[in-house]
Amino acid sequence: MHTGENEQGLRKIMDLTRIISIFILLLHIYYHCYGGFKAWNLTHDLSDRLLLNIARIGFLTNLHGSKSIALVFLGISLLGVKGKKDEAVNAKRAVLTIFAGLFLYFSSAVFLQLKSLDVAVGSYSLVTLAGFLLVLKGGTLMSRLINVKLNGDVFNHLNETFPQEERLLCNEYSINLPARYNLKGKQRKSWINIINPFRGLLVMGSPGSGKSYFIIQHIIKQHIQKGFSMFIYDYKFDDLTKIAYNYYLIHGNQYTVKPRFYVINFDDLERSHRCNPLDPSTLHDISDAAESSRTIMLGLNHEWIKKSGDFFVESPINFVTALIWFLRRYKDGKFCTLPHVIELAQVEYDKLFSILRSEPQIEALINPFVTAYLNDAKEQLEGQIASAKISLSRLASEKLYYILSGNDFTLDINNPVQPKIVCMGNNPQKTQTYGAVLSLYTTALTRVINRKACTKSSLVFDEFPTLYFNGIDHLIATVRSNRVATTIAVQDSSQLKLHYGKDQAEVILNIVGNVISGQVSGDSAKQLSEKFGKILQDRQSIAINRSDTSITKSKQLDLAIPASKISMLSSGEFVGVVADNPSEKIELKAFHTQVVNDHAALKREQLAYLDLPLFSPVTDKDISACFAGVKNEVRSLILCELERMMDTPELADLIIRKA
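Each residue of the sequence shown is one higher than the last, beginning at -13 in this note's numbering.
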């Protein structure tokens, strides 16, 4: 028991043992150097008789035997020593001191061979005592060592490892990524099993974290292999499009109904198809026109997203809604295209308002503008309409007119009779202009794909914040039963908040069921860390005082993947959580793993890729003719409508004749 009396008794025993050790060593020196002591007159009859009696026992006669006995008693005395603990003392220093002492202690015998008796005895005695003292010092140093070995994992990596899913769980919809992870210092193989992609997949990661190379390209490949119709938003055209096209060539014949492959690209028109995002078949009522108007205007003016509801934001949206719905109603949508909307917006107010007033369904939308015009409220009118006209004029490009006014295909990609794989390319140098038009495509697409009895489909959005996708949260929440898988790739949640506003960004981030994240920092890392929860981790603490050292070990719940670790992930290293199905339960949903890519095989595959073909020959003359044709059609529409109104008595009064 650790009482004061017991410790005092132990100390006395250790002191006695050390005295015995010293006494035996002195007897040894006196016995084996007796001639020298006698020559120095340091002998006495009493000590001689005592030495003679002890010598009869026999242990003094052997030179190294008696020294060893003295050393044994010294070692016993050191066993109970409790020196003051010192972090500066290390085992290497103590061991070296002990070995140096042992070397001097036992090698001192060579001095007894010296011819000079005085030198031999003096040298032997001094070196032996020096060796003895060094052993004593080394043993004392050993007692001052902190002999508690704490966990040497400075960054707590081993504690923050946890078991992960090692089974390969496949179904007809799943995305399976091979990986490896660390479990208590051992590398183990695992799988990221996204068995229900219809619950939404969010891929996050800063530039260079490997979102496209390790995640998105595999999603495209595996979904094409499993017969999905697809829509791919390729921000850095044609990186993802080329992958999709080559996998389509390889696996296209495996589909029940072979899909058609379409591309929208505004830079190289020969490698692009034409498609009208305002196709009349997708605009069923004026609310669809309003949704399209909001998408195109907010796509062109991202700062308006945070000002939703403001008078000077809603007014241009309503104005464009009126233009779209008028064209949708005119001759059953013959001229219902975005280029015609742009040109119609540039018509003089008196002519434009006259023909718009003739359509009863947009009368409520157009009335504030007409009233302002008739009352000479020019500043108010310009504030309401000019922002719409200026924004739309940025799209008045010959190439855009050519693509947007054609109709090579419709956007019902999951049509069971005619499935499609559609890739739409952006240009990082023209993000705002192209992004607004592509946003309109995505809005039109979601109106027609969220239907029952359609083929399974996959939507992949790379660099999603460069689009304005009105209603993405509603899409993710409602398309699961219609087998539409949505993949959204962003660099950081702050980027999403910047472009979509805080509230809508929070909904998008929280509604997805599957999350895969590479290196992110700040609020993104904190939110992810909390999403992954806590695990039991070992904890150790040490207390040092003059007489004792104590260590405390415990277990406590702590974050499985701290925010600091997420902010320091390497390229190809991902954390995340997956969703499961009622019939396919996954107990280990969270993961922190390195996705395994066969780099050499991927390199060979990429070198064998075919370039996109020329879909249709296009000349500059064709493009210019299309551009001029749209303008002429709008002018003709205005003239025809005005003539019709003048010939119709009940409409003639609606014509504005302002001086």
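The beta-carbon is built from N, C-alpha and C at its ideal position, and this holds for glycine as well.
Residue environment for Gln240: exposed (fewer than 16 other C-beta atoms within 10 angstroms of its C-beta). When DSSP states are grouped into helix, strand and coil, Glu591 belongs to the helix group. For Arg166, the secondary structure class from DSSP, reduced to helix, strand or coil, is strand. Just measuring C-alpha positions, the residue of Ile6, Tyr20, Gly21 and Leu640 sitting nearest Glu349 is Leu640. Every unbroken stretch of the beta strand (DSSP E) spanning 3 or more residues and falling wholly within the segment 370 to 450 is given here in chain order: 406 to 411 and 443 to 447. Looking at the DSSP output, Ser527 shares a beta bridge with Thr538.
The C-beta of Glu627 has 16 or more other C-beta atoms within 10 Å across all chains shown, which makes the residue buried.
Non-local C-beta neighbours of Thr429 in its own chain, meaning closer than 8 Å and more than five positions away in sequence, comprise Pro263, Glu277, Ser278, Thr281, Phe455, Asn456 and Gly457, ordered along the chain. Within the DSSP bridge table, the entry for Asp220 names Gly411 as partners.
A distance below 7 Å between beta-carbons, with the five flanking residues on each side excluded, links Cys612 to the following residues of its chain, in chain order: Tyr387, Tyr388 and Ser391. Annotated as proximal: Val465 and Phe184, with beta-carbon spacing under 9 Å.
Ranked by how close their Cα comes to the Cα of Met128, the residues Leu65, Arg166, Gly117 and Ile497 have Leu65 in first place.
Membership of Lys78 in the alpha helix (DSSP H) is indicated by the continuous run Ala77 to Ser93. Separation of the CB atoms of Asn162 and Ala565 is rounded to 14 Å, and the pair is thereby denied contact status at 8 Å. Taking all protein chains shown into account, Asp104 has fewer than 16 neighbouring C-beta atoms within 10 Å of its C-beta and is therefore exposed. Excluding sequence positions up to five before and after Lys483, its CB lies within less than 6 Å of the CB of Ala491, all in the same chain and listed in chain order. Listed in chain order, the non-local C-beta contacts of Asn168 below 6 Å within the same chain comprise Thr147, local neighbours out to five positions each way being set aside. Out of Ser63, Tyr427, Leu49 and Gly191, the CA that lies nearest to the CA of Lys(-2) is found in Ser63. Val604 sits in coil when the DSSP states are folded into three classes, being neither helix nor strand. Counting the other Cβ atoms within 10 Å of the Cβ of Tyr595 gives fewer than 16, which makes it exposed. Here the C-alpha atom of Leu445 lies approximately 10 Å from the C-alpha atom of Ile435. Apart from sequence neighbours up to five positions away, the residues of its chain that approach Gly319 with a beta-carbon distance below 6 Å are Pro266, ordered along the chain. Distance check between His18 and each of Leu(-4), Leu90 and Ser94 places Ser94 closest, using alpha-carbon atoms only. Met190 sits in a strand when the DSSP states are folded into three classes. Separation of Lys175 and Pro164 (C-alpha to C-alpha, rounded to the nearest whole angstrom) is 8 Å. Each residue's CA atom was taken as its position, placing Glu300 and Asp362 some 21 Å apart. Beta-bridge partners of Val563 (DSSP): Val501 and Ala576. Bridge partners of Tyr248 according to DSSP: Val408. Here Gly508 is exposed, its C-beta having fewer than 16 other C-beta atoms within 10 Å.
In the structure shown, Asp544 falls within a strand segment according to DSSP collapsed to helix, strand and coil. CA-to-CA, the gap between Asn179 and Leu555 works out to about 20 Å. Within the same chain, and ignoring the five residues on either side of Ala546 in sequence, the residues whose Cβ sits closer than 7 Å to its Cβ are Glu146, Phe148, Phe518, Gly519, Lys520, Ile521 and Ala576. In this model, Ile310 and Ala275 are separated by some 6 Å (Cα to Cα). Taking C-alpha positions only, Ile462 is separated from Ile497 by approximately 7 Å. Within the model, the alpha-carbon separation for Tyr316 versus Tyr335 is close to 19 Å. Secondary structure note for Trp177: its beta strand (DSSP E) is the uninterrupted segment Lys172 to Ile180.
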